[in-house]
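Engineer: Below you'll find the structure I mean.
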Amino acid sequence: MAAPVILARALEKRFGEVRAVAGLDLTVPAGICLGLLGPNGAGKTTTLRMIMGLTLPSGGRLEVLGRPPTALSRTERRRIGLVPQDSNLDPDLSVVQNLLVYGGYFGLPAAALRRRVPELLAFMQLTEKAGARVSQLSGGMKRRLVIARALIAEPELVILDEPTTGLDPQARLLIWRQLLQLRAQGKTLLLTTHYMDEAQRLCDRIVLIDGGRILAQGSPAELIARHVHGHVVEVTKPVPPALTGNGLAHEDVGDAMLFYVAAPGAVIDRLPPEAVYLHRPANLEDVFLRLTGRKLREG
Amino acid sequence: MHGVALTAAGAVWRRQYLVWRKLIWSSLATNVCNPLLFLFAFAFGLGAVMAEQEGIAYLAFVVPGMMAYTSMFVASFETTVSAFARYSLQRTWDATLATSVTLEELLLGEALWAASKAMLSALCVLLVGGLWGGIPSWAGAVAALPILFGAALGFAAQGLLCTAFARGFDNFSYFFTFWTTPMFVFSGVFFSLDRFPESLAAAAWLLPMPHLLALVRPLTTGAGLEPLAAAGHGLVLLLYFVIPFAAATARIRRRMFD
Ligand SMILES: Nc1ncnc2c1ncn2[C@@H]1O[C@H](COP(=O)(O)OP(=O)(O)OP(=O)(O)O)[C@@H](O)[C@H]1O
Ligand SMILES: [Mg+2]
């Protein structure tokens, strides 16, 4: 098997007393899209920043393209593109200038940039905005530009920290399509998102973290089968005691009880006729909520 | 690591240049008009009462002084208030460091840009002051330009060091009050150091500005430099670049990466 693009072992990051990342083992093979999921403050951005060499680990081992991120050479850094959580574009410069300047940071020759910039603008549907100032773009256009910027040096590893947060369905759809196209080109994608439908649609593999540690990992289908058994039956209280006593996976969510079952009949057939319930296929959101809890994370 | 590539620092410089070009009118207003206003005020106002300084006609004394002052002010403003905005508000530094550019290259690019802007201001003062009759030796003035550029790199580095510790924009008022202002009023910019009590004059030599003036003024007036003393002043200016630059880089590295 080829060497993984990213390899982390017992990776750790402390900010004073806070252990933002607390012993993470992560292996990202080439060519897959891996989703790093977790609630606010789980340590996703910190992990991505360590991979980018923008934050130094406090412990453990981390290799990107076979080397510690800070040891990567100038040309090796071209092989990694970052879409940061906060779009840090140059507001005073135009769309094209943002791309040219960024290409300059990678040391790309002017001739290569002249070819590459129009390609990227077309890819992210920004051609009409080529001359516009960034401060005049909508949120969705800015996000698309940040993605285009990350692709300027044709990286083989693209790291995206919440690429679609705050975007409308059309913009998200476009970004999804382009990310799938990148994956089809054989690029490795590492992304974080709070949208479970996005993760389910884009990611070959999911790593779910909380408190800087891994809670679960696998393909979306595996995770759903393993942790929420494929089906959810939501039964409004009162719930017959027989149901909760017989070993079915369930969770109390206040005025209702959720049952996670492989076959919905296991619950529905045992309900009295007057019971109010809702049955649906389980999804990644159920896995997420089940494993990370339903309490709000305070900042 | 991989050494410092001037091309990478140049890419940072170019970014600043493109932004500057977009905002050119406000930039020119501050960086060109400001020193010229001072020049007119001193030349007309003080010139009337202070006939000669160190045996030099006042205009010929104050023009190189204003060239040095504006180099300092423009360079250190660029790497304090402006650079801090790029670092903390616009997150430009974060964006830059996610590429092939290293922190040293980023900061060197910042310093080179600050010094370039400083040169533009100094050139305007030179041109206006020279046409007015304040530059007895044009050849000397041309020779003074690289010295001003080098000193401006130093002023930029001193500003970066302040930025490295700054928590907010108000922190820079200390820098301007206790660092740049003394170099304006106590360092021989618009009147000679020998007007001060000896102890104060001696203390002023701890600052980089008197050393810069000791190089620039003899050149623009045509008096010429004494090699050994000039080398000494040059060394002081060099240290005033190297030490703050290294300290600023170390501090910013800890702040951004730890
Ligand atoms: N520079 C920093 N200094 C101190 N603490 C930090 C710093 N960066 C992150 N943290 C802390 O580390 C923890 C993880 O933060 P991180 O940004 O990695 O979370 P995240 O999973 O990306 O969250 P979100 O989904 O909200 O973006 C949080 O407790 C956060 O407060
Ligand atoms: Mg985050």
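Just so you know, the protein sequences line up as chains A and B, in that order. In this text, residue positions in the first sequence follow this note's numbering: the first is 3, and each later residue adds one. In this text, residue positions in the second sequence follow this note's numbering: the first is 695, and each later residue adds one. Every residue, glycine too, gets a C-beta built ideally from N, C-alpha and C. Note that the coordinates shown come from a computational prediction; the quantities given were computed from them, not determined experimentally.
1. In three-state terms, what does DSSP make of B:Q747?
2. If we count the other Cβ atoms within 10 Å of its Cβ and call it buried at 16 or more, is A:V1 buried or exposed?
3. Looking only at its own chain, which residues have a Cβ that is under 8 angstroms from the Cβ of A:A251, when we skip the five neighbours before and after it?
4. For B:T857, return the contacting residues in chain A, with the cut-off set at a CB-CB distance below 9 angstroms.
5. Hey, A:A5 and A:G68: beta-carbon distance below 7 angstroms or not?
6. Apart from the five residues just before and just after A:M54, which ones in its own chain have a Cβ nearer than 6 angstroms to its Cβ?
7. Quick one: what does DSSP say B:Y711 is sitting in, helix, strand or coil?
8. Kindly indicate the opening and closing residues of the beta strand (DSSP E) around A:G83.
9. Using a Cβ-Cβ cut-off of 7 angstroms, state whether A:Q87 counts as contacting chain C.
10. Assuming A:M126 is part of the alpha helix (DSSP H), what are its boundary residues?
11. At 8 angstroms on the CB atoms, spell out the chain B contacts of A:P93, in chain order.
12. Using a Cβ-based criterion (distance less than 6 angstroms to any ligand heavy atom), does A:T47 qualify as near ligand 2?
13. Considering Cα atoms alone, identify which of B:T701, B:G834 and B:A789 is closest to A:A152.
14. Please find out if some non-hydrogen atom of ligand 1 comes closer than 6 angstroms to the beta-carbon of A:V148.
15. Based on the DSSP output, what are the partners of A:L159 in its beta bridges?
16. State yes or no: is the C-beta of A:Q138 nearer than 6 angstroms to some heavy atom of ligand 2?
17. Which value, in whole angstroms, describes the spacing of the CA atoms of A:E156 and B:R949?
18. Residues of chain B with a CB under 8 angstroms from the CB of A:R81: which are they?
19. Within 6 angstroms: the Cβ of B:G827 and any heavy atom of ligand 1?
20. Report yes or no: do the segment 728 to 736 of chain B and the segment 698 to 711 of chain B share at least 3 C-beta pairs separated by less than 8 angstroms?
21. Quick check on A:V103 - is its C-beta less than 7 angstroms from some C-beta in chain B?
22. Pick helix, strand or coil for A:E253, following the three-state DSSP scheme.
23. According to DSSP, simplified to helix, strand and coil, what is A:A12?
24. Once you ignore the five residues that flank A:A173 on each side, which residues in its own chain have a CB closer than 6 angstroms to its CB?
25. Which residues in chain B have a C-beta closer than 8 angstroms to the C-beta of A:G68? List them in chain order.
26. How about A:P209: is its Cβ closer than 6 angstroms to a heavy atom in ligand 1?
27. Report buried or exposed for A:L56, applying the criterion of at least 16 other Cβ atoms within 10 angstroms of its Cβ.
28. Tell me the rounded alpha-carbon separation between A:L115 and B:A940.
29. Provide the residue span of the alpha helix (DSSP H) that contains B:V757, from first to last.
30. Taking Cβ-Cβ distances shorter than 7 angstroms, what residues in chain B pair up with A:M54?
31. With DSSP as the reference, label A:L36 as helix, strand or coil.
32. Which residues mark the beginning and the end of the beta strand (DSSP E) in which A:F261 is found?
33. Going by beta-carbon coordinates alone, are B:K716 and B:V768 separated by less than 7 angstroms?
34. Please check if any C-beta of chain A sits within less than 7 angstroms of the C-beta of B:F778.
35. Tell me where the alpha helix (DSSP H) around A:A73 begins and ends.
36. Tell me the DSSP secondary structure of B:M695 in three-state form.
Structural biologist: Per the coordinate set shown:
1. strand
2. Past the boundaries of the shown model lies residue 1 of chain A; chain A is included only from 3 to 301, so the question cannot be answered.
3. V230, H231, F261, Y262 and V263
4. Those do not exist, as B:T857 stays about 18 angstroms from chain A at its closest Cβ, beyond 9 angstroms.
5. yes
6. L84
7. helix
8. I82 to V85
9. Protein chains in the displayed structure are A and B, and chain C is not among them.
10. Per DSSP, A:M126 belongs to no alpha helix (DSSP H) and is neither H nor E.
11. Q784
12. yes
13. B:A789
14. no
15. A:I82 and A:T190
16. no
17. 30 angstroms
18. Per Cβ cutoff of 8 angstroms: no residues; A:R81 is ~10 angstroms from chain B at best.
19. no
20. no
21. yes
22. strand
23. strand
24. G142
25. Simply none; closest approach about 17 angstroms.
26. The displayed chain sequence assigns Val, not Pro, to residue 209 of chain A. No, since every heavy atom of ligand 1 falls outside the 6 angstroms radius drawn around the Cβ of A:V209.
27. buried
28. 33 angstroms
29. Y752 to F771
30. A792
31. strand
32. A258 to V263
33. no
34. no
35. Unbroken run through A:A73: none, as it is neither H nor E.
36. The predicted model places B:M695 with a pLDDT of 45, which falls under 50 and marks its position as unreliable, so this point remains unresolved.
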